[in-house]
């Protein structure tokens, strides 16, 4: 649990931070500090075991069926990285407290930052490769959110998008690579993979796996040719740049390469691939960094260059190179984080980061200047600072690569060192020279804002002067974890006597100073805007161009093969439905005829009517909507009769009631449709006929196909299904003899719960859509049928018509019908468990009973008599069903387990009361609520519309409803 | 019986296809209604046809082969009710689109050709 809490606590902190109020800058940062300190404390507790070379593991079942466990694994390397993430995180959080402006949405910032911390710890501590990729992508995501933190700025959005596209694409490559690796080894467990190095390198899939994993690592670590995203990520707030984009996240690529070093390294491909990417990156980054005019841009390119250096070391892959790589990761994190923070202070205090404007800051910011100068010296590799030590180890390693004859690597290293000195000088040039007019009057920042920088610079010094006592033990822990028995003997000391690496360092230093002076004197370095030679090779614009091409290609493709026309889409879907299944289906099974039902002329007659209705409806839908609707209803009734005939009484009842309600529903909608447009003469008749012939043949083809399929199925014996289980257990297990009902409210009640939820959602959607409904102007006024002046009924409200007008007789009968229908609904509900009926049917019957009253006397009258709050029915029904399901928990049974109680009631005798009954009651209530909500909302549109009588409406016609509560909602 | 039902399903489905390829939104809703009958009947028929053998078990001790298949019936019952809800949703979209666009063409505008 200890390891898990290390990962979980930051995420919990992230959620908490997001919930804090906008202006709680202090509480936010205290929370973040507490989270980080907690992590550091846990890390400290692990130290004794880790230092002893132990590998700590915690496993949780994740996808046991796939052989995947959630494994947290801490060895030396993971521990050192985790502590790096946490320690720098602590300083960054402290710094950010002062850096962030109170006007910024601070909760979001700390929330994202803590989420990033959790993801990064997840990457570092993963003991399972798939899990590692998941956290890897999470770091990409949180990095995206943090870069885009100031999302009102276009450069932040662009930078965030670019970083995310590149690193997430790399992450996908990594996932593929990890899957290949898992395929080779047979397990995703890190320990298993690390132990299978020889197997992996000998496998034929080694190269693809290596390439894919390297793609993931190189994109993340901003290596050439993917380096371009990092400078654009500098649009993030400076604490983010300092934390993610120099000290930790970009090191994830290096971490991964180190992590998998025992499994993947040691081949020529490894050295070639990783080294060449690293060399290009380190030279390119260092060169471009010299010519940056933005302080953060300079640091970004310098970060790229240093990452390149680390990559080269890992590519070289000798044990000593690995030591140097880990050492440089730690050193770079300290001096680069402090430099970023110093830049943030300069930006914060002067209001600009432009190297062309800044000058003479040592007068205004003396302490910050000193700190930044020391940190830059560490970056340049000046002796007695930590950067010098790891750089010297790097020089020593490059000497070994080419042997005695091939010196190119050493030359590249010295050149890179030289560039490094030049851009470090460029960086500190802001502190020298005469003071200039700046956007803000600068003075030293609050002490606690500078404190992280002080601490980091102090670390640089201590490590630089006394590496043996300060960093060596830490380094040893990590080195041991990567190299195991191959761990070399090395000696960290600032002075090894005069040797070749020292000479290289000195050459780099001297040449770097000379280069800087020459550039500044003769090439106007201070005011340069473009990188010489290389400004044309701009990765970012290549990326943008690619993205634009992709968008254009997608648009082109959409225009060519896509359509916004519904008819075309449906045509394609229908064609596919007709053509694809025969291609997919194999040979039909052998023809074993089963006994058929006898031909029944009545049944055939029934369907002659039903089919005739359908065809006629297809014909009439264009000319006469009401007729078409009636015809469709005819087909529906024949369908219901078919269900009844073929032993499905429940279906028949439901179909019949749904048919009724649907018809009423569509009748209510018909009023809002426009009259038919007469055929337009613009289209040539041949095309119209061609289209009709095409559609007709498709319709006939589809109909024939489905008929043939149905017939083929009906001729074959049914396969074994779980139907028998339901039939055998309905009475004994479910306590009801109507198997279909027991199926719905007991065996598959979770399904039904989902269904009534869908019903409620649809009802609410319909209601919400209708609230915003605006009818077309020409259908807003009272329809002509109601404006017929000779008809006395049109001066009466519907209620008057029913109470004293021409509807008096049906009015009396239909009102009497209400209690009868209510009783019928109760009857069907009560018997549902044993005989055809149940919540669905009863709900629909009850809804129809109320609907009849609406149809008779109008909305206004009915709602004066009863307040039917359909929303509450919906909520109540859902709650009832849910409570029944949850009730099972009280008896330690799974959700929705049912129980039948047998109760002896006086007079009634023994009654069995299944809990499914209560569930069914919930279904009933939801069905009533849904139906009423939808139909009544639709009916109310007429009332609303009548408030705007329209121009043609005669003035003497009272707008029914306008004199009452009118707009009252149900 | 089987042949009758198969032909009936085919006729309903064919009429439905014809209607959903038409340009007016009312034709589309009619087509969807007809298609849903066809599909419901099709799913129902997957349990084969049974006459006078409703799945109502009076006693616990029964022979399952003597009863209609309750599973497609349960599924179709759900489908009927959900079909009603989607029809309502489509109807509201239909009249809403007509109110917004002034046209009852399925694309929300009269064809330009």
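Chains as they are written, first to last, in the numbering used here: chain E, 25 to 994; chain C, 68 to 180. Idealized CB from N, CA, C, for every residue including glycine.
Throw me the rounded Cβ distance for the residue i and residue j pair, which I believe falls under 8 Å.
i, j, result
"residue 140 of chain E", "residue 268 of chain E", "6 Å"
"residue 256 of chain E", "residue 186 of chain E", "5 Å"
"residue 595 of chain E", "residue 100 of chain C", "Contact doesn't hold; Cβ gap of about 20 Å is too wide."
"residue 392 of chain E", "residue 509 of chain E", "Not confirmed; about 46 Å, so no contact."
"residue 689 of chain E", "residue 959 of chain E", "6 Å"
"residue 552 of chain E", "residue 252 of chain E", "So it is not a contact: roughly 20 Å between Cβ atoms."
"residue 936 of chain E", "residue 759 of chain E", "6 Å"
"residue 123 of chain C", "residue 682 of chain E", "Rounded, the Cβ-Cβ distance is 21 Å, inconsistent with contact."
Would you call residue i buried or exposed, if buried means 16 or more other Cβ atoms sit within 10 Å of its Cβ?
i, result
"residue 27 of chain E", "buried"
"residue 40 of chain E", "buried"
"residue 387 of chain E", "exposed"
"residue 993 of chain E", "With a pLDDT of 36 at residue 993 of chain E, under the threshold of 50, the predicted position of this residue should be treated as unreliable, though the coordinate-derived value follows. Exposed, by the Cβ-count rule."
"residue 915 of chain E", "exposed"
"residue 986 of chain E", "Low per-residue confidence applies at residue 986 of chain E: pLDDT is 39, beneath 50, and the placement is therefore not dependable enough to give any value."
"residue 984 of chain E", "A caution first: residue 984 of chain E carries a pLDDT of 42, below 50, which makes its placement in the model unreliable, though a value can still be read off. Buried."
"residue 869 of chain E", "buried"
"residue 669 of chain E", "buried"
"residue 457 of chain E", "exposed"
"residue 105 of chain E", "buried"
Would you mind stating whether residue i and residue j have Cβ atoms separated by less than 8 Å?
i, j, result
"residue 277 of chain E", "residue 241 of chain E", "yes"
"residue 375 of chain E", "residue 464 of chain E", "yes"
"residue 286 of chain E", "residue 413 of chain E", "no"
"residue 202 of chain E", "residue 224 of chain E", "no"
"residue 529 of chain E", "residue 421 of chain E", "no"
"residue 136 of chain E", "residue 169 of chain E", "yes"
"residue 144 of chain E", "residue 258 of chain E", "no"
"residue 160 of chain E", "residue 148 of chain E", "no"
"residue 247 of chain E", "residue 341 of chain E", "no"
"residue 254 of chain E", "residue 324 of chain E", "yes"
"residue 747 of chain E", "residue 70 of chain C", "no"
Quick one: does residue i have its CB under 8 Å from some CB of chain B?
i, result
"residue 176 of chain C", "Annotation note: the requested chain B is absent from the structure, which comprises protein chains E and C."
Could you check where the alpha helix (DSSP H) with residue i kicks off and where it finishes?
i, result
"residue 915 of chain E", "No alpha helix (DSSP H) holds residue 915 of chain E; DSSP gives it neither H nor E."
"residue 776 of chain E", "773-795"
"residue 696 of chain E", "No alpha helix (DSSP H) holds residue 696 of chain E; DSSP gives it neither H nor E."
"residue 202 of chain E", "178-209"
"residue 548 of chain E", "It is not in any alpha helix (DSSP H) - residue 548 of chain E carries neither H nor E in the DSSP assignment."
"residue 74 of chain E", "49-75"
"residue 75 of chain C", "69-87"
"residue 462 of chain E", "That residue, residue 462 of chain E, is in no alpha helix (DSSP H); it is neither H nor E in DSSP."
"residue 854 of chain E", "832-855"
"residue 320 of chain E", "319-340"
"residue 139 of chain C", "137-168"
"residue 429 of chain E", "Per DSSP, residue 429 of chain E belongs to no alpha helix (DSSP H) and is neither H nor E."
"residue 422 of chain E", "410-425"
"residue 158 of chain E", "153-171"
Looking at the secondary structure, which residues open and close the beta strand (DSSP E) in which residue i lies?
i, result
"residue 272 of chain E", "Where residue 272 of chain E is concerned, there is no enclosing beta strand (DSSP E), given that its DSSP letter is neither H nor E."
"residue 568 of chain E", "Counting along the chain, residue 568 of chain E falls outside any beta strand (DSSP E), though it belongs to the alpha helix (DSSP H) covering 563-585."
"residue 92 of chain E", "92-98"
"residue 924 of chain E", "924-929"
"residue 81 of chain E", "80-87"
> Which residues, in chain order, does the stretch 74-85 of chain C contribute to contact with chain E at a C-beta distance below 7 Å?
Replying inline: Correct list: 74, 75, 76, 77, 78, 79, 80, 81, 82, 84, 85.
> Taking a cut of 8 Å between CB atoms, which residues from the stretch 96-122 of chain C lie near chain E?
Replying inline: Hits within the stretch, in order: 96, 97, 98, 100, 101, 104, 105, 107, 108, 109, 111, 112, 113, 114, 115, 116, 117, 118, 119, 120, 121, 122.
> Listed from N- to C-terminal order along the chain, which residues in the stretch 716-738 of chain E have their beta-carbon within a distance smaller than 7 Å of any beta-carbon of chain C?
Replying inline: Result list: 719, 720, 722, 723, 724, 726, 727, 728, 730, 731, 734, 735, 737, 738.
>> Please list, in chain order, the residues of the stretch 578-602 of chain E that have any C-beta partner in chain C closer than 8 Å.
In response: Those would be 588, 589, 590, 591, 594, 595, 598, in chain order.
>> What are the residues in the stretch 835-863 of chain E lying within 9 Å of chain C by C-beta distance?
In response: Listed by position, the residues of the stretch 835-863 of chain E near chain C (Cβ gap below 9 Å) are 858, 859, 860, 862.
>> Any C-beta of chain C within less than 7 Å: which residues of the stretch 876-905 of chain E qualify?
In response: Answer set for the stretch 876-905 of chain E: empty.
> Between the stretch 91-108 of chain E and chain C, which residues of the former have a C-beta closer than 9 Å to a C-beta of the latter?
Replying inline: From the stretch 91-108 of chain E, no residue has a Cβ closer than 9 Å to chain C.
> When you check each C-beta in the stretch 686-715 of chain E against every C-beta of chain C, which residues fall closer than 7 Å?
Replying inline: Cβ contacts with chain C: 686, 689, 690, 693, 696, 697, 698, 706, 707.
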